[in-house]
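Have a look at the structure below before the remarks.
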Amino acid sequence: MSVVTERPAVPSNEPTFRQSVDLMFNRAVALMDLPPGLEEKIRVCNATYTVRFGVRLRGKIQTFTGYRSVHSEHMEPVKGGIRFAPEVNQDEVEALAALMTYKCALVETPFGGSKGGLCVDPRQYDEHELEQITRRFAYELIKRDLINPSQNVPAPDMGTSEREMAWIADQYRRMHTTDINGNACVTGKPTNAGGIQGRTEATGRGVQYALREFFRHTEDKAKAGLAGTLDGKRIVVQGLGNVGFHAAKFLQEEDGARITGIIERDGALFNPDGLDVQSVRDWIVRHGGVTGYPDANHTAEGAQVLEAECDILIPAALEGVINLGNAHNIKASLIIEAANGPITAGADDILRERGVVIIPDMYANAGGVTVSYFEWVKNLSHIRFGRMQRRQEEARHELIVRELERLSDHLGDKWSMTPDFKARYLRGADELELVRSGLDDTMRIAYQSISEVWHSRKDVTDLRTAAFIVAIDRVAASYRAKGL
Ligand code: NAD
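Counting from 21, one number per residue, gives the positions in the sequence shown under the working numbering.
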């Protein structure tokens, strides 16, 4: 089976992804006052399990290699996605697991950090074959409690979606038929199989909420040389998959941003007047790439568009795409890391020196794990959010509306409510609205916590270091409370 490698080459003089995360961690830790030895305990990855298993496909046994890495168990279960990609390796999975630890601490989800990956190019297999491969991988992890509602709870990542999560949940239930909490063994499931409304788009939605919160901070905006609102801002996005598509679509449709560039595997589209995100996505689904899309300039050298003139750059595909080779040429004054690790440690140094503001991955893409947390709670409580309160809330609103109507009868038509207000006010919140509210609140509070460190400490000059400090401080507090 041929395996396509499409990852852009990171210059060989750069550290690996895991080393890059550690370098950024070290920069933050140098500004903290941790008890001796605790720094190393937090930084290192606790364990990585490698599995090699065979699946009989197309008349012969094919052997696959997969990983599940547990970075920190200061809280359990540990949490982190499962990635399907041909280049998955131990270093990458460990880097991603470490980022999960810091991310969960930053957005206050009660989890340690983990990540999994399987070396497979999903586009080379049909649905039935992928189900066999996924179930077999899940079987190996489940029997070692590396998938378990109280110990280790995966979610989707690059190359996986709610479909794979449904197979994993079903596999777990087959192996633990009496576990009443079985559905909580994995998040990101379809809503008809134990999932929660709003999870599919949660990471992209979180990117939108993160940008909105950034734009509410006038001083922070000014540091990026930006002013006003998101309306009309020029955005280039790399990767129109789950995260990139939803982020770009919401920013375009709800905030009036102009998506001037879209970079995909087979090149990039550019149109200074803006691209229609939904129509580009529909084109990709039909044609397998962006090539041939009308109403835009196309270049086969997609990565070059990372260097295009724009206000905001959203790398939402994979790690290491902004590196020593192109960091000097990036024109955006604000980069929001929707992907994990898109900027190498070396590029981070260059961009910081150039005054580019970077909203770091551990915060920017935390919307996924936040809504995963809601899904996990929903699964454990066995009840949909809002089911108990919704009609009661509506009844209380009805009381107020009736009273206002009674008053307006006395005061005359001028004082009557608009029908739109009445309808909107009367409606109790459903699950999707509650999920969005919880996500918005989480993204706002987490941003405020890092922005505060950024502003209050003279030795902290960037949001990434501030985010690491907030996260590491919380993990350290958790270890101290345990008596370690
Ligand atoms: P996905 O597989 O749905 O989408 C990835 C997209 O990137 C695809 O459209 C793919 O064609 C494109 N792509 C791949 N290689 C490319 C290249 N060289 N140049 C340009 N485009 C390329 O994956 P996703 O779930 O959207 O994840 C994207 C990133 O976001 C990853 O770094 C992942 O770890 C991170 N992330 C995802 C989630 C989630 O909930 N899915 C949560 C947090 C972080």
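For each residue, glycine too, the CB sits at the ideal point set by N, CA and C.
Small disclaimer: the values here were computed from a predicted structure and weren't measured.
Using the Cα positions of residue 298 and residue 291, report the straight-line distance between them to the nearest angstrom. 15 Å
If we call anything under 8 Å between Cβ atoms a contact, is residue 467 one with residue 94? no
Since residue 368 contacts residue 378 with CB under 8 Å, what's their CB separation in whole angstroms? 7 Å
Let's see if you can read the secondary structure: which residues bound the alpha helix (DSSP H) around residue 236? 222–236
Can residue 236 and residue 387 be called in contact, C-beta distance under 8 Å? no
Would you call the stretch 112–130 in contact with the stretch 41–51, where contact means no fewer than 3 C-beta pairs closer than 8 Å? yes
Taking C-alpha atoms, which residue in 495, 385, 474, 405 lies nearest to residue 176? 385
What is the DSSP secondary structure of residue 68, counted as helix, strand or coil? strand
Near residue 65, which residues of its chain fall below 7 Å by C-beta distance, leaving aside the five closest residues on each side in sequence? 89, 91, 114, 117, 118
Give me the Cα-Cα distance between residue 239 and residue 463, rounded to the nearest whole angstrom. 18 Å
8 Å contact criterion, which residue 185 and residue 208 should meet: CB distance rounded: 5 Å
Whose C-beta lies closer than 6 Å to the C-beta of residue 67 among residues of the same chain, with five residues either side of it excluded? 90
Assigned secondary structure, residue 374 (DSSP; H/G/I helix, E/B strand, else coil): coil
Flag this pair as yes or no: are the beta carbons of residue 310 and residue 287 separated by less than 8 Å? yes
Please report the straight-line C-alpha distance between residue 242 and residue 318, rounded to a whole angstrom. 33 Å
Can you find a heavy atom of the ligand NAD that lies under 7 Å from the Cβ of residue 109? no
Throw me the rounded Cβ distance for the residue 332 and residue 352 pair, which I believe falls under 8 Å. 6 Å
Residue 76 in three-state terms, based on DSSP: strand
Would you decide whether residue 6 is buried or exposed? Buried here means 16 or more other CB atoms lie within 10 Å of its CB. Here the chain has residues from 21 to 504 only, and residue 6 is not among them.
Closest to residue 270 by CA distance: which of 250, 340, 372 is it? 250
Nearest neighbour of residue 193, chosen from 206, 389, 109, 183 [CA to CA]: 206
Kindly give me the distance between the Cβ atoms of residue 415 and residue 381, rounded to whole angstroms, as I take these residues to be in contact under 8 Å. The Cβ separation is near 44 Å, so there is no contact.
Just mark residue 504 as buried or exposed, buried being the case when its beta carbon has 16 or more other beta carbons within 10 Å. exposed
Locate the alpha helix (DSSP H) running through residue 158, then write down its first and last residues. 147–162
Beta-bridge partners of residue 333, as assigned by DSSP: 256, 355
For a quick check, are the C-beta atoms of residue 480 and residue 489 less than 8 Å apart? yes
In the DSSP assignment, find the unbroken alpha helix (DSSP H) run with residue 430 in it and report its ends. 410–431
Nearest to residue 233 (by Cα), restricted to the options 364, 431, 248, 296: 248
Three-state class that DSSP yields for residue 88 in the structure shown: strand
Quick check: does the Cβ of residue 306 come within less than 7 Å of any heavy atom belonging to the ligand NAD? no
What's the gap between the Cα of residue 363 and the Cα of residue 442? 48 Å
I want to check one thing, is the minimum distance from the CB of residue 101 to the heavy atoms of the ligand NAD below 7 Å? yes
Whose C-beta lies closer than 6 Å to the C-beta of residue 153 among residues of the same chain, with five residues either side of it excluded? 75
Use the C-beta contact count for residue 284: other C-beta atoms within 10 angstroms, 16 or more gives buried, fewer gives exposed. buried
Name the two residues that bound the continuous beta strand (DSSP E) containing residue 134. 132–139
Spatial distance of residue 223 from residue 426 (CA atoms): 45 Å
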